[in-house]
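Below is one structure; the comments refer to it alone.
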Amino acid sequence: MSNKNIHKFERCYTVLQNLTTGLSEKEAHDTLNNAVCKDKTHEEVSLGLLVVILTDPQNAAKSYRDLTLITRDGLSIVLIHLSQLVLERYLRLNDVTRSQLLWLLREMIRTSVTNVDNLSLTLLRHAAGGDISPRNLFLVDALLDIFQENRSWLDKFPFLVASVVYTYLRLIEDHNAPHLAGLRQKEVTFTATLIRERMVDCLAIGRDFVRLLQNVARIPEFEALWKDILQNSKCLCSNFNGVLQLLQTRTSRRFLQSRLTPEMERKLVFLTSQVRFGNHKRYQDWFQRQYLATPESQSLRCDLIRFIVGVIHPTNELLCSDIIPRWAVIGWLFTTCTSTVAASNAKLALFYDWLFFDPDKDNIMNIEPAILVMHNSMRSHPPVTATLLDFLCRIIPNFYPPLTDKVRNGIFSSLRQILEKRVLPSLYPLFDSPKLDRELRSKIRETFKEFCLPPNADPAGNKVPIYSGKMEELNKEHNPGTVIENTANSTVENNHVAQDPEPAFSDEEEESPLRIVTKVEDEEDEEDVPLSAVKLKNEQRNANCVVKKEDIAPQLNFMLEPEELRTSVETLHTETDNEAKCQAMESIVQMVVEDEIDAGMIPTLASYLSSILSPLITANIFPPENLNEETLTDSISTPLFVMFRNQFQLCKEEDNRRKLLARVLAEMQSLQPKIGYLLLYFLKVWGREEEKREGEPRLVLGKKTRYQSEKIRGRKRNSSLTSFDFSNVLNDVKASVYKDFCAQREKKLDVCLVSDLKLCHEDNIFMLCYLVPDVYTGFQNVALGNAQLLHLVVSTVDSCQLQDLICQIMQGHLKMLKKESFTSLLTASLNWDTFEQYCLWQLIFAHDFPIDYVLPVLPKLQFRNHAEALTSILFMLKQEKPTLDLLRQLLARQSVDGDMFVVAALRYWCRDYEEKLGELLANLLSARYPATSPNKRKRSGGKQNQQSGPPTGEQVLGHLDQLRQHCSSSAELQLYHSEGMQRALQQAQAASSDSLRKSYGDLFALAEVNEENEPPPPPASSSARKHTTASSGGGGGGGGKGGHRKTGANTRERSNAKRPLPRYHVDTTSSSEEEEIVNPKQAKKRKKINPVGSDSD
1 MSNKNIHKFE RCYTVLQNLT TGLSEKEAHD TLNNAVCKDK THEEVSLGLL
51 VVILTDPQNA AKSYRDLTLI TRDGLSIVLI HLSQLVLERY LRLNDVTRSQ
101 LLWLLREMIR TSVTNVDNLS LTLLRHAAGG DISPRNLFLV DALLDIFQEN
151 RSWLDKFPFL VASVVYTYLR LIEDHNAPHL AGLRQKEVTF TATLIRERMV
201 DCLAIGRDFV RLLQNVARIP EFEALWKDIL QNSKCLCSNF NGVLQLLQTR
251 TSRRFLQSRL TPEMERKLVF LTSQVRFGNH KRYQDWFQRQ YLATPESQSL
301 RCDLIRFIVG VIHPTNELLC SDIIPRWAVI GWLFTTCTST VAASNAKLAL
351 FYDWLFFDPD KDNIMNIEPA ILVMHNSMRS HPPVTATLLD FLCRIIPNFY
401 PPLTDKVRNG IFSSLRQILE KRVLPSLYPL FDSPKLDREL RSKIRETFKE
451 FCLPPNADPA GNKVPIYSGK MEELNKEHNP GTVIENTANS TVENNHVAQD
501 PEPAFSDEEE ESPLRIVTKV EDEEDEEDVP LSAVKLKNEQ RNANCVVKKE
551 DIAPQLNFML EPEELRTSVE TLHTETDNEA KCQAMESIVQ MVVEDEIDAG
601 MIPTLASYLS SILSPLITAN IFPPENLNEE TLTDSISTPL FVMFRNQFQL
651 CKEEDNRRKL LARVLAEMQS LQPKIGYLLL YFLKVWGREE EKREGEPRLV
701 LGKKTRYQSE KIRGRKRNSS LTSFDFSNVL NDVKASVYKD FCAQREKKLD
751 VCLVSDLKLC HEDNIFMLCY LVPDVYTGFQ NVALGNAQLL HLVVSTVDSC
801 QLQDLICQIM QGHLKMLKKE SFTSLLTASL NWDTFEQYCL WQLIFAHDFP
851 IDYVLPVLPK LQFRNHAEAL TSILFMLKQE KPTLDLLRQL LARQSVDGDM
901 FVVAALRYWC RDYEEKLGEL LANLLSARYP ATSPNKRKRS GGKQNQQSGP
951 PTGEQVLGHL DQLRQHCSSS AELQLYHSEG MQRALQQAQA ASSDSLRKSY
1001 GDLFALAEVN EENEPPPPPA SSSARKHTTA SSGGGGGGGG KGGHRKTGAN
1051 TRERSNAKRP LPRYHVDTTS SSEEEEIVNP KQAKKRKKIN PVGSDSD
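In UniProt numbering, the protein residues as written are 1 to 1097.
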């Protein structure tokens, strides 16, 4: 029902109110009787009363009484509009109106209104199969009560009786859950009774009556009914001769149609008559989301297959076009089956017309889809073909053993008709395909022997002409009066063997469609003629059946409602003026926001908008040159940005309706992924426009300005905001727009952000660089610390763009890194390319991060694999003074030949901080090799080392030895001659194992040997003391190293002649470990003051 009719209802209600307001009941009745004398007023008053009945339960009885008193046509005009309302708008009615509709149906039946049975049939169609939602169950239960209460009335309408039986037999199958037991039993009792008492009416249903009875055969009431049908059919009806009579009767299209809701039928007819093969997947996905997403919807697939097979019979023009064929839709339905029971029932639904096929009564179009599903799935989905062929072989003996011969004859007649009508030129490639397993091929040969011969021979040995695919040959197969349009001497693509290189199911979009060239025979069943598929056939007989892109009006009529929406979308498509297109888009947006569009229509609307706006979306929107306010503003003046602008305004006003428009945008993004980053681009450009409008003249930070627009984030109009406050609020609104958009996409914000910017990177790197600052400013929570996003940035920028980012960072306008995620970010960057890593380090330097942030990563870095990071860290170390923490991290690195990192840092510090560095190194080394007795060291050494932490003593020795090796002159060895270093080396030498002493012998040789600096002798044993006495002049390095010791002593003497050795005092604010190292050393020095003094004397 169009909006025009809705407005008509509103107008009629207004007329009624104007006539009766302020009048008593008697006066109102007289006024209405006088008014209805005019035909126009009669219709207005009748429809006005209908509105009251449907919307006002308290006045419904009174209004219905008035309606029956003033009607002049037996409520005919009311029934016409009511049936149209139910057919087109039932799903959009609220619960009150639905309840009142059923109340009105009861009253009309009670008062024997003519043609109310048609209204009942329309309502029955909305009792959907595969749906156990509360609203659907309410309708099913209410209609059942109405039919039970008015059984005598129901018996007067044979077709309605058959439709009620057909509907509830189908619904009983779905109502097997425990909480539906009461409803199911009521349905079973009523349906079984109705069948027994009105079997004569049920015979008109035909073979699908048997199919539905099979699904409920285990229920006791129907089990008893089956016994009577098979053994004593005459007791049910004198004209009933048994089940074969039903099976040989083709089911009327009206019954097959009745099990799909009107909305479902419209979508399915559109899919099979308007959608091109290759563009179909989004329509199928929408259909599956809408109708096939729940577990109970598994049973609905049988209804859909029976409808496609028995009702949708395409015209010859459609068959020759690139519209998606029926077999592809059925193949897709098979692939969505997840239940084995549903899959088995779906196969039976597909082949049901084969079992008792009679060429004189049945139609070739009822058996064509099954053979084409098997043929076209052989290459891409051979298991589907195999399971269908296996089913076809097994159904012959197992469907009903007493009728095995009949079933075999029906299937053989179907196969012969397929060959005669040239649906396939030969069954040999299908039945003898090498892709079938050997056992199945043997079974097929045994079952269908006459169809397994090569295509050039028949059983008598005569040659059989091979069909060439030309339509002229088909003309011979039709009646003389049948005319098939064709082009002289032309060959048309078809669904025949070897015409398509790779037939496939509908989920493989890249495949070319297969087409049938066969004629639909006109059927004489009068009931079947006025259906949508037949109407479509007549409408397109003299037109091109392929809907061109330039003409979308037919598609809009099928898919979009209300009428205003169709008009606006068509204007958007056909109009060439940008301003007019923007106005049309504004109208569409307002309808979405005002919730005038059904929720189920949103994906369809998004699909059309995506297609229409595709040239604008894919165009290069970002100005390549002259990047100024004017060009940026012009770039967002197209209809797409009208949607973005409205979404921004709704978020600015905190309007809950923004979710409706965000859903449309999310649906469009699934079809046009670029919409994601175009929204980010719009937010940046429009944000600047907002700042310009709201902030002129722009005040410096801290001064007050008057904020003139509507409230944002709860702030009232004319509230006083600083420019800084306004900027923050504006960023919140921009972030809210994108967050709502991501929420409707059902993805996390960070995932959407990265995927959108990746696509932007692929399309336009200049736009990406333009967006980066706003992304990091507006989405700090997810952008800062996101390694993927940062990698995207550094892999995109060039030197000038990097400089621009650094300038913004240094001015305080941009922040791209934070402390909490710095370590993980730095670790992730180690696998990036060299330029990308250097870009990252430039950003790190711009943020002025202290060296402490980098230190945790330092021990993991390998000099061969991570040269970029190590080089950058060296630059940072140049700006630092040596500290104990720095040295701990440096020396914790493994000493590897060729790794000059630690050596370079230590040598650089030696220039200005040699004494301080020597003291710190001595402290570290002494802490790892404390001067204690061997027994004490043995007992507590592990604990002390554990407290000290990294680096280990061996690591410290390794780095000191590596530094020594790179000292090219004696002056560069001065570090090792400080008093603290000498003592530390001697302690380390005394505490080291023999292998360690041997490894670092040259290093230990630098230790000065004199009695006062020698560590106190260990008191462990007398032999140890004797050894100490005997070697009082030799030190701990061994006799072989005397030359080195002498050199070291001479060097130190020369150094002492030049300057005294100051003692570096460690800061008292250092860590606990530093105090632990320093304090024992200071105490030890105090013990040595007197001996040193006495020696000098």
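Note that CB positions come from ideal geometry on N, CA and C, so glycine has one too.
For residue j and residue i, the rounded distance between their alpha carbons
i	j	result
Ala904	Ala828	26 Å
Phe431	Ile444	7 Å
Phe648	Gln590	14 Å
Ser339	Val754	38 Å
Arg135	Leu101	14 Å
Pro425	Lys347	24 Å
Glu149	Asp117	15 Å
Tyr291	Leu759	32 Å
residue 1104	Asp961	Nothing about residue 1104 can be read from this structure; the chain reaches only from 1 to 1097.
Met767	Ile621	9 Å
Cys169	Thr191	A quick correction: the sequence has Leu, not Cys, at residue 169. Approximately 7 Å between the Cα atoms of the pair.
Val751	Tyr738	12 Å
Thr336	Leu91	25 Å
Leu137	Cys320	43 Å
Leu826	Gly812	22 Å
Leu247	Asp155	25 Å
Lys916	Thr883	9 Å
Leu403	Phe351	16 Å
Asp30	Val216	56 Å
residue 1113	Lys652	Examination of residue 1113 is not possible in this model, given that the chain is present from 1 through 1097 alone.
Ile80	Asp732	53 Å
Thr631	Met643	20 Å
Ala177	Lys406	37 Å
Gln257	Arg306	9 Å
Trp841	Ala328	56 Å
Check whether residue i and residue j have beta carbons under 8 Å apart
i	j	result
Leu661	Val592	yes
Ser46	Ile77	yes
Leu683	Lys734	yes
Tyr677	Leu616	no
Gly918	Met876	no
Glu296	Gly130	yes
residue 1102	Leu814	Limits of the chain in this structure are 1 at one end and 1097 at the other, which puts residue 1102 out of reach.
Leu658	Asp740	Contrary to the premise, residue 658 reads as Arg rather than Leu in this sequence. Yes, Cβ-Cβ distance for Arg658 and Asp740 is below 8 Å.
Selected residue, minimal CA-CA separation from residue i, among the options
i	options	result
Arg997	Glu972, Met199, Gly958 and His977	Gly958
Ser821	Asn781, Phe845 and Trp832	Asn781
Asp95	Thr122, Thr55 and His81	Thr55
Asp285	Ser969, Pro603 and Ile636	Pro603
Glu972	Ala927, Arg566, Arg911 and Glu446	Arg911
Gln989	His977, Asp358, Asp390 and Ala1005	Ala1005
Glu197	Leu440, Leu236, Thr567 and Thr777	Leu236
Glu690	Arg438, Glu629 and Asn345	Glu629
Beta-carbon separation (whole angstroms), residue i vs residue j, contact threshold 8 Å
i	j	result
Leu203	Val165	Between Val165 and Leu203 the Cβ distance is about 11 Å, and since that is not below 8 Å, they are no contact.
Leu887	Leu921	7 Å
Ala127	Val140	5 Å
Leu906	Leu963	5 Å
Glu783	Ile809	It should be pointed out that residue 783 corresponds to Ala in this sequence rather than to Glu. Actually they are not in contact, since the Cβ atoms of Ala783 and Ile809 sit about 14 Å apart, beyond 8 Å.
Ala743	Val664	Contact doesn't hold; Cβ gap of about 14 Å is too wide.
Phe356	Arg207	7 Å
Arg253	Val311	5 Å
(request) Would you mind listing the alpha helix (DSSP H) stretches within the region 109-139 that are 4+ residues and don't spill past its ends, in chain order? (result) 116-125
(request) Output the residue ranges of the alpha helix (DSSP H) runs that lie fully inside the region 799-879 and measure 4 residues or longer, sorted by chain position. (result) With a minimum length of 4 residues, the continuous alpha helix (DSSP H) runs that stay inside the region 799-879 are 799-810, 822-828, 834-847 and 867-878.
(request) Would you list, in sequence order, the uninterrupted alpha helix (DSSP H) runs of no fewer than 4 residues that lie entirely inside the region 747-787? (result) Scanning the region 747-787 for uninterrupted alpha helix (DSSP H) segments of 4 residues or longer gives 749-763, 765-778 and 780-783, listed from N- to C-terminal end.
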